[in-house]
Amino acid sequence: MHEFWRLAILELYKERKALKTKLFGSTGLEDETREDLAVLLESEQSDLDRLASWLTQSAHTIPLAWSEIEEMVEGTSFDASTANQALLVTRFLLSRWCSLELTLPEISADLIKVGYSDKEAQKLVSFLAKLQDVRERVYRSAMKRGHEIRGLPTIDDLNLVWDIRPVFQDYAYDSPPGDSAYERIVTHTYTLIAEILASRENGEQESVSIQLSEDDLERLMQALQRSKKQLEVAKKHFGL
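As numbered in the working numbering, residues 1229 to 1468 make up the sequence shown, in order.
Laid out in structure tokens, this is it:
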């Protein structure tokens, strides 16, 4: 009998997860989304107020740089990881709310339909109500981000390390027998090691490492500044 009820509860959970709602679409409430929603539901009200205030009083969009997330969590019980989860699920909720032109009562009803209590649904809806004025900005940011990560790999992280290298008079591998030139240091140089970590839209990750001399780095920085200027010119030209 115990096994019967276990299987029955499991089937009920699967059915509830797959319930079709406007908020969660035809796939139902995914496990990852449920875990992220739990972060919001388990948060203190003061932390949710801080998150809502921070998003409404700034020009920040979602996604955020890690440094911005660390700034946001100051004075809250969030850590950077849970704050990131809260931001991602907030973006999801605001985007669905905006794109589907849902009402807050409809959102509340859909939350209850997939298993949340009235109290839990009300807590989430009250949080969203404070973000009504920024939902379109967040939605547009989410759409923009979607197009930015499609196609080629997108940078996830960049590790930069300076390497101080001694310069010997001769190379160890090519030195003829009896010649000690390879032991004599004549100068030194600095080389920047850059490791670029990237991923594709499907999550497939890849990395590449390159090195730059001081001169190479300076040329790259100047090229980036000129490229930024080109972007400004293009925006002005097309009235963007």
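From the three backbone atoms N, C-alpha and C, an ideal C-beta is built for every residue, glycine too. As the structure is a prediction and not an experimental result, all values here were calculated from the model.
- Taking a 10 Å sphere around the C-beta of V1389, we find fewer than 16 other C-beta atoms and assign the residue as exposed.
- Taken in chain order, the complete alpha helix (DSSP H) segments of 4 or more residues contained in the region 1297-1356 are 1308-1327 and 1332-1341.
- Remark: C-beta atoms of S1305 and D1264 do not approach each other more closely than 7 angstroms.
- Looking at the DSSP output, P1394 bridges to H1416.
- Under the DSSP assignment, S1435 falls in the beta strand (DSSP E) whose first and last residues are Q1433 to S1441.
- Short of 6 angstroms from the beta carbon of G1303, and not among the five residues preceding or following it, lies no beta carbon of its own chain.
- Contact holds between the region 1355-1362 and the region 1316-1325, because three or more Cβ pairs, one in each stretch, are under 8 angstroms apart.
- Distance from the CA of T1419 to the CA of L1445, rounded to the nearest whole angstrom, comes to 9 angstroms.
- The shortest CA-to-CA distance from D1391 to any of R1368, L1352, I1438 and S1345 is the one to I1438.
- Note on geometry: alpha-carbon atoms of P1404 and F1396 lie some 15 angstroms from one another.
- A straight-line Cα-Cα distance of about 51 angstroms links D1307 and Y1401.
- Below 8 angstroms, too few C-beta pairs join the region 1381-1388 and the region 1330-1350 to call them touching: fewer than three.
- Looking at the DSSP output, D1385 shares a beta bridge with L1425.
- Cβ atoms of L1448 and L1459 stay farther apart than 8 angstroms, at about 16 angstroms.
- Under a 10 Å Cβ-count criterion, F1252 is classified as buried, with 16 or more other Cβ atoms of the shown protein chains found around its own Cβ.
- When DSSP states are grouped into helix, strand and coil, G1406 belongs to the coil group.
- C-alpha of F1355 to C-alpha of G1467: approximately 36 angstroms in a straight line.
- With a cutoff of 7 angstroms on beta-carbon distance, V1353 and S1336 are scored as near each other.
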